[in-house]
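Residue numbers (the working numbering): 447 to 625.
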């Protein structure tokens, strides 16, 4: 895309989400989407995340934490980002492909990437830039996950997590990493 409008929004009206980045591509200088298009995406993602009470626990565990959706038009996951998590998603047998991505953002700017779909029974964490603190405020803070398609067995680049709506979670090692 050559040009777009970027809106960065923080809100207190979301049930779970409190931040959004929305890119609205321009076509001959005119936006392709409308504010109601964005709000439909925001509201849908917020509704799905509401099925995961552990997310509010994480957000409230410390000041400056945010759950941030990134949307491009009417989507939250571009094809490149979706493709990067598909091998993990399929290995974990999570059903229909992920449709949404949200960042759990820490006060220092680091984040954990959450992927999910409309069934939203489970969330996949494929990558986190957060440093594992000595005294984590929430169990999500201590997940050492940095998946890369160029992974190595036994390293953080091979790990991902699946988190169920009740907060129970399991860290897995991607089985197709080179030895």
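No residue lacks a Cβ here, since even glycine has one placed at the ideal position from N, Cα and C. Every value quoted in this text rests on a predicted model; they were computed, and no experiment measured them.
Query                                                                                                                               : Result
Among 498, 495, 449, 522, whose alpha-carbon lies nearest the alpha-carbon of residue 475?                                          : 449
Can you tell me whether residue 454 is buried or exposed, with buried defined as 16 or more other CB within 10 angstroms of its CB? : exposed
Answer yes or no: do residue 591 and residue 605 have a C-beta to C-beta separation smaller than 9 Å?                               : yes
Between the segment 504-511 and the segment 534-548, are three or more C-beta pairs nearer than 8 Å?                                : no
Starting from residue 616, follow the beta strand (DSSP E) in both directions and report where the run begins and ends.             : 615-619
Could you check which residue in 459, 458, 463, 478 has the C-alpha nearest to that of residue 452?                                 : 478
Identify whether residue 493 lies in helix, strand or coil by the three-state DSSP scheme.                                          : helix
Grab the span of the beta strand (DSSP E) containing residue 470 for me, first residue to last.                                     : 465-473
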